[in-house]
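Visitor:
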Amino acid sequence: MSLTLEVRDLRTHFFTRAGVVKAVDGVSFTVARGKVLGLVGESGSGKTVTGFSILGMVDEPGRITGGSILFQGRDLATLSEEEMRHLRGNRIAMIFQDPMMTLNPVLRIDTQMIETVQAHEKTSREEARQRSRDALGMVGIASPDERLKSYPHQFSGGMRQRVAIAIALLHRPDLIVADEPTTALDVTIQGQILAEVQKLAANTGTALIWITHDLSVVAGLADDIAVMYAGRVVEHGLVDEVLDRPLHPYTHGLIGSVPSRNKRGEPLRQIPGMTPSMLALPQGCAFRARCPRAADECLVEPELRTILPGRQVRCHRPHL
Amino acid sequence: MSLYLLRRLIQAVGVMAVMSLIVFLGVFAIGDPVDILIAPDADQIERERAIIALGLDKPLWMQYLVFLGNALRGDLGRSFVFNEPALQLIMGRMPATLELALGATIMAIIIGLPLGLYAGLRPNGAISKAILAISILGFSLPTFWVGLMLIMVFAVQLGWLPSTGRGETAMLFGLRWSFLTQDGLAHLIMPATNLALFKISLVIRLTRAGVRETMLMDYVKFARAKGLSPARVTFVHVFKNILIPVVTVVGLELGSTIAFSVVTESVFAWPGMGKLIIDSINVLDRPVIVAYLMTIVLMFITINLIVDLTYSFLDPRVRLESKG
Chain A
1 MSLTLEVRDL RTHFFTRAGV VKAVDGVSFT VARGKVLGLV GESGSGKTVT GFSILGMVDE
61 PGRITGGSIL FQGRDLATLS EEEMRHLRGN RIAMIFQDPM MTLNPVLRID TQMIETVQAH
121 EKTSREEARQ RSRDALGMVG IASPDERLKS YPHQFSGGMR QRVAIAIALL HRPDLIVADE
181 PTTALDVTIQ GQILAEVQKL AANTGTALIW ITHDLSVVAG LADDIAVMYA GRVVEHGLVD
241 EVLDRPLHPY THGLIGSVPS RNKRGEPLRQ IPGMTPSMLA LPQGCAFRAR CPRAADECLV
301 EPELRTILPG RQVRCHRPHL
Chain B
1 MSLYLLRRLI QAVGVMAVMS LIVFLGVFAI GDPVDILIAP DADQIERERA IIALGLDKPL
61 WMQYLVFLGN ALRGDLGRSF VFNEPALQLI MGRMPATLEL ALGATIMAII IGLPLGLYAG
121 LRPNGAISKA ILAISILGFS LPTFWVGLML IMVFAVQLGW LPSTGRGETA MLFGLRWSFL
181 TQDGLAHLIM PATNLALFKI SLVIRLTRAG VRETMLMDYV KFARAKGLSP ARVTFVHVFK
241 NILIPVVTVV GLELGSTIAF SVVTESVFAW PGMGKLIIDS INVLDRPVIV AYLMTIVLMF
301 ITINLIVDLT YSFLDPRVRL ESKG
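Right, dumping it as structure tokens:
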């Protein structure tokens with residue numbers, strides 16, 4: 001199994017006036033060629049920052065302070081901005097959460113697609129246009145020739161996300177980072193896009209990191225899952241195994257919170273408390289204050305360790 | 001598109017009509033031109049004759065209707081003071097003001113846009129902070145004082161630039177322009193700079209705010225994620241979006257400069273429309289005041305129309321709305 005991406009102990013910190021925010025603090029996971037990794041967590045758990053770190057697009061005052069991002073053997077954390085730019089949109093693409101906002105409202109679709117082709121390859125405009133048209137066709141947009149001449153506001157949200165996906169696919173990237181790309185869409189459109197992306201990834205061997213807070217999406221789409229909490233991966237493993245038998249109390253709570261798994265008539269189960277402030281993380285395990293299994297030993301920060309074959313968890317007292 | 005233009009034209013005529021009435025009544029309320037225009041030692045018969053000659057003997061509503069009737073034939077009345085057609089008087093002064101205002105606006109764009117862009121892209125840099133600090137000066141220093149200082153430094157002490165008048169002019173389209181001759185251009189530089197200072201600051205601030213706001217938008221992040229060069233992201237993706245507010249404000253500023261550059265024109269003895277209107281108000285030269293304000297209203301309507309048309313060029317979302 002060849003690895004497309006191996007993130008090791010990634011740390012991305014934001015140096016704000018109020019203090020250092022350790023948005024990503026020791027994240028490790030791997031994604032194999034043609035596989036889908038579901039990166040799951042609540043808002044503010046650091047999953048989006050992880051995505052932007054991989055693309056080398058962490059904005060000020062943040063920066064990658066440690067760890068490595070091995071992409072096909074090269075450490076992205078050590079590349080210059082110019083080298084990163086040649087990878088972005090070319091070998092590593094990204095799809096954003098809100099399709100209404102990702103396309104520039106004042107530029108035509110063809111402009112936005114052709115510039116992407118020409119940013120990485122010396123091709124004629126005509127050839128770039130052909131490529132763009134084919135990409136639109138591939139993501140299921142009817143009459144792509146006409147649609148190329150449209151502006152974003154002439155598309156629905158689902159169509160815009162298809163355009164964004166088509167742009168991401170233009171250079172047949174080896175890795176796509178998708179940041180909650182279906183969260184803003186209707187369920188039916190969501191289903192179509194998930195199926196589409198899954199097919200494309202399997203056909204082209206593209207590895208996919210699917211960032212989401214929706215476990216049901218991950219269950220249907222991903223091969224592996226990494227659960228993040230307060231800037232750290234707390235559990236990592238095959239998606240079926242993790243969802244069937246979560247080891248970390250947080251994963252346990254997350255799965256328990258999915259409404260369809262609760263019995264009708266009973267109050268919905270939830271994880272008590274809130275995600276801690278990233279400026280003032282408690283000592284030891286960050287989940288300690290909300291954890292039903294917390295004990296004295298949890299005052300010491302647990303390491304991510306392999307406790308079952310293929311199963312990693314960051315917990316002193318996992319559900320075994 | 002033509003329907004849109006037609007609708008705008010009808011609106012414009014309506015605005016002009018209302019404006020003429022307001023101005024006419026307003027000037028009437030200020031005072032009686034007879035008291036100022038006719039020599040105090042004139043006898044009753046001379047007075048009567050003058051009043052009839054100026055058409056001031058008729059009731060106000062009839063004076064207005066006569067004015068309106070003449071205006072429709074392109075005659076906005078004769079100046080009480082100069083005894084010349086008011087419109088001709090204004091048109092004679094127009095080029096001076098026009099080239100002054102346009103010069104200032106062009107300077108504002110050429111200097112303000114790049115500085116604002118720079119300050120927006122590097123909000124924390126020392127140069128950006130300096131640009132911002134200077135723009136505060138541009139906002140707050142009074143125009144007349146800056147004008148006087150410019151004259152002091154560049155005309156009196158250094159002797160580089162002439163301080164008053166338009167200098168040599170050349171004819172174009174039957175009007176006299178300063179910017180066509182080297183001497184005229186030298187005369188134009190200082191007053192135009194004086195007027196431009198405020199505008200440069202305005203454009204800097206607008207551009208900077210626009211850039212900072214736009215840089216945070218998802219579509220800019222997405223453009224970067226596509227691997228576009230920073231130049232392409234800035235000059236295509238960001239720039240086209242920030243131009244909309246800049247065009248609006250620059251358009252309105254251009255209008256108000258043409259209409260109200262009185263202070264600068266006075267300081268530099270620039271024989272433009274601002275000077276003419278102030279003089280006319282002093283002697284209640286009603287035809288000139290009315291004609292001037294009508295010209296200004298027409299000009300604002302035209303500038304607004306141009307701004308709106310520019311919008312539809314810049315923003316495709318506006319294009320659809322104007323059709324529907």
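Chains as they are written, first to last, in full-length UniProt numbering: chain A, 1 to 320; chain B, 1 to 324.
Glycine is no exception: its CB is placed at the ideal position from the N, C-alpha and C atoms.
1. Excluding the 5 residues flanking A135 of chain A on each side, which residues of the same chain have their C-beta closer than 6 Å to its C-beta?
2. Could you check whether the Cβ of C285 of chain A sits closer than 7 Å to any heavy atom belonging to the ligand SAH?
3. Apart from the five residues on each side of it in sequence, which residues of its chain come closer than 7 Å, Cβ to Cβ, to K323 of chain B?
4. What residue range does the beta strand (DSSP E) around H316 of chain A cover?
5. Please check if any C-beta of chain B sits within less than 8 Å of the C-beta of T4 of chain A.
6. DSSP on Y151 of chain A, reduced to helix/strand/coil?
7. Going by C-alpha distance, which of B:K221, B:L121, B:V262 is nearest A209 of chain B?
8. Would you please state the rounded distance, in angstroms, between the beta carbons of M273 of chain B and R93 of chain B? I believe it to be under 8 Å.
9. Secondary structure at G324 of chain B, three-state DSSP: helix, strand or coil?
10. Who does D179 of chain A pair with in a DSSP beta bridge?
11. How is the beta strand (DSSP E) around L308 of chain A delimited, first residue to last?
12. Using a Cβ-Cβ cut-off of 8 Å, state whether T16 of chain A counts as contacting chain B.
13. Any C-beta of chain B within less than 9 Å: which residues of the stretch 158 to 178 of chain A qualify?
14. Relative to the C-alpha of M228 of chain A, which residue among A:F15, A:V300, A:L37 is closest?
15. Grab me the residues of T105 of chain B's own chain with a C-beta within less than 8 Å of its C-beta, minus the 5 sequence neighbours each way, in chain order.
16. According to DSSP, is G112 of chain B helix, strand or coil?
17. Mind listing the chain B neighbours of T102 of chain A? Cutoff is C-beta to C-beta under 7 Å, in chain order.
18. Residues of chain B with CB under 7 Å from V106 of chain A, in chain order?
19. For a test of the three-state rule: what should DSSP assign to M149 of chain B, helix, strand or coil?
20. Using 8 Å as the cut-off, can you tell me whether the stretch 264 to 283 of chain A makes contact with the stretch 3 to 22 of chain A, which would need three or more C-beta pairs spanning the two stretches below that distance?
21. Below 7 Å between beta carbons is the criterion; list the residues of the stretch 53 to 67 of chain B that meet it against any residue of chain A, in chain order.
22. Compare the C-beta of A209 of chain B against all C-beta atoms of chain A and say whether one is closer than 8 Å.
23. Who are the Cβ neighbours of P318 of chain A in its own chain at under 8 Å, not counting the five residues just before and after it?
24. With DSSP collapsed to three states, give me the class of W270 of chain B.
25. Whole angstroms is fine: what's the gap from V66 of chain B's alpha carbon to V297 of chain B's?
26. Runs of 4 residues minimum, wholly inside the stretch 74 to 121 of chain B: which ones carry the alpha helix (DSSP H) assignment?
27. Using only the alpha-carbon positions, how far apart do N304 of chain B and L21 of chain B sit?
28. Between T116 of chain A and chain B, is there a C-beta pair that is closer than 8 Å?
29. If we cut at 8 Å on Cβ distances, does A119 of chain A have a partner in chain B?
30. Flag T306 of chain A as yes if its beta-carbon sits less than 8 Å from any beta-carbon of chain B, otherwise no.
31. Let's test the definition: count the other Cβ atoms within 10 Å of the Cβ of A170 of chain B and tell me whether it reaches 16, buried, or not, exposed.
32. Using CA atoms only, rank isn't needed, just tell me which of A:A289, A:P267, A:A230 is closest to R11 of chain A.
33. For R88 of chain A, which residues in chain B fall below 8 Å Cβ to Cβ?
34. When the distance is taken between beta carbons, is L103 of chain A closer than 8 Å to A164 of chain A?
35. Cα separation between E321 of chain B and S312 of chain B?
Guide: By the coordinates alone:
1. For A135 of chain A, where only same-chain residues beyond five positions count, the Cβ hits under 6 Å are A166, L169, L170.
2. Of the ligands one can find in the structure shown there are none, so the ligand SAH has no counterpart to examine.
3. Reliability of the predicted coordinates at K323 of chain B is poor, the pLDDT of 43 falling under 50, and the value obtained from them is presented with this limitation in mind. There are no such residues.
4. That residue, H316 of chain A, is in no beta strand (DSSP E); it is neither H nor E in DSSP.
5. So, not an interface residue.
6. Coil, per DSSP.
7. For A209 of chain B, the nearest C-alpha among the options comes from B:L121.
8. 5 Å between Cβ atoms; contact.
9. In this predicted model, G324 of chain B has a pLDDT of only 34, less than 50, meaning its place in the structure is not dependable enough to derive any value.
10. Bridge partners of D179 of chain A according to DSSP: A:I211.
11. 305 to 308 is the span of the beta strand (DSSP E), which, as asked, contains L308 of chain A.
12. Chain B, which has no Cβ nearer than 8 Å to the Cβ of T16 of chain A, makes this no.
13. Residues A164, I167, A168, L170, H171, V177.
14. Of the candidates A:F15, A:V300, A:L37, the one whose C-alpha sits nearest the C-alpha of M228 of chain A is A:L37.
15. Around T105 of chain B, the same chain offers A196, K199, V250, E253, L254, T257 as residues with beta carbons nearer than 8 Å, after the five sequence neighbours per side are excluded.
16. DSSP places G112 of chain B in helix when its eight states are reduced to three.
17. Within chain B, the residues near T102 of chain A are D218, Y219, F222.
18. By Cβ distance, chain B contributes K240, N241, L314, D315, P316.
19. It is helical.
20. Contact between the stretch 264 to 283 of chain A and the stretch 3 to 22 of chain A is established, with three or more Cβ pairs separated by less than 8 Å.
21. Residues of the stretch 53 to 67 of chain B with a C-beta less than 7 Å from any C-beta of chain A: none at all.
22. The beta carbon of A209 of chain B does not come within 8 Å of any beta carbon belonging to chain A, so the residue lies off that interface.
23. If you ignore the 5 residues before and after P318 of chain A, its C-beta comes within less than 8 Å of the C-beta of L247, H248, P249, I307, all in its own chain and listed in chain order.
24. Note: W270 of chain B maps to coil in three-state DSSP.
25. Roughly 20 Å between the two C-alpha positions.
26. 86 to 121, all fully within the stretch 74 to 121 of chain B.
27. When rounded, the distance between both Cα atoms is 22 Å.
28. Under the 8 Å criterion on CB atoms, T116 of chain A is classed as interfacial with respect to chain B.
29. So, interface residue.
30. Put simply, the CB of T306 of chain A is far from chain B, with every gap to its CB atoms at 8 Å or more.
31. Under this definition A170 of chain B is an exposed residue.
32. For R11 of chain A, the closest of A:A289, A:P267, A:A230 by C-alpha to C-alpha distance is A:A230.
33. At a beta-carbon threshold of 8 Å, the residues of chain B lying near R88 of chain A are R224, A225, K226, G227, ordered along the chain.
34. Taking 8 Å as the Cβ cut-off, A164 of chain A and L103 of chain A qualify as a contacting pair.
35. For E321 of chain B, the pLDDT reaches just 49, beneath the cut-off of 50, and the residue's location in the model is therefore unreliable, although a value from the coordinates is still provided. When rounded, the distance between both Cα atoms is 9 Å.
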